[in-house]
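Chains A and D supply the protein sequences, listed in that same order. Using my numbering, you'd call the opening residue of the first sequence number 276 and step up by one each time. Using my numbering, you'd call the opening residue of the second sequence number 289 and step up by one each time. Idealized CB from N, CA, C, for every residue including glycine. Report on the following structure.
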Amino acid sequence: GAVVSQHPSWVICKSGTSVKIECRSLDFQATTMFWYRQFPKQSLMLMATSNEGSKATYEQGVEKDKFLINHASLTLSTLTVTSAHPEDSSFYICSARAHIPARPTGELFFGEGSRLTVL
Amino acid sequence: GEDVEQSLFLSVREGDSSVINCTYTDSSSTYLYWYKQEPGAGLQLLTYIFSNMDMKQDQRLTVLLNKKDKHLSLRIADTQTGDSAIYFCAESPSGGYNKLIFGAGTRLAVHP
């Protein structure tokens, strides 16, 4: 099946620093990737849709200057949490849509997630 | 609006069947999904059902869809300890094939 990989899987940083998380589709090309955020014991909240070669589309309430998304190639999207603060600590998950015959167009493949802890 | 609701916790005995329920609001959702999340991991697609179907069976998994009531359920037969995880129901709102709306997840605990 299609594989989506995230890196790093966990990161600890000091308040005020920026952290970059990578999301790669390993065996398929993804024109669109998605970034989710998950708080403990809560559901995934869609943050933004990352479009290859164009600007990301952010969901309401998500600060685009805080969460910078770059989708420079068909296999890589990055999420940069700028000037991170403790309230940004969360589990960030990316996903990508792969076109697979006989599968629904809406199927997404998810990365393993990246746990960010801001001290 | 778009909203997906699930019960938060379910405990079953090993070997019994588990039934996880979900309600959704967008009646035009084309597909409905069940994802499984194990501790510290991403989501794994378990199964999905097209909106014009009432039931789908895949080995130990049975999905039932009541479109009138906007109710979706996942039944796991012969539940094993390896099934312990969080199960997320998700819908794809009309026109948004890219976008999935997730429920809060049901934590399934399987005990001997």
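- Per DSSP, D/ASP357 lies in no beta strand (DSSP E) and is assigned neither H nor E.
- For A/ASP363, the secondary structure class from DSSP, reduced to helix, strand or coil, is helix.
- For A/ALA347, the number of other beta carbons within 10 angstroms of its own is below 16, and it is reported as exposed.
- Between the segment 349-363 of chain A and the segment 304-317 of chain A, the count of Cβ pairs shorter than 8 Å is three or higher; the stretches touch.
- Distance from the CA of D/TYR319 to the CA of A/GLY291, rounded to the nearest whole angstrom, comes to 41 Å.
- Here A/PHE385 is buried, its C-beta having at least 16 other C-beta atoms within 10 Å.
- At a Cβ-Cβ threshold of 8 Å, D/GLN325 and D/ALA392 do not count as neighbours.
- According to DSSP, residue pairing for A/MET320 in a beta bridge involves A/ARG312.
- DSSP places A/PHE385 in the uninterrupted beta strand (DSSP E) bounded by 383-385.
- With 16 or more other Cβ atoms inside 10 Å of its own Cβ, A/SER300 counts as buried.
- D/ASP342 sits away from D/LEU331, with the two beta carbons spaced by 8 Å or more.
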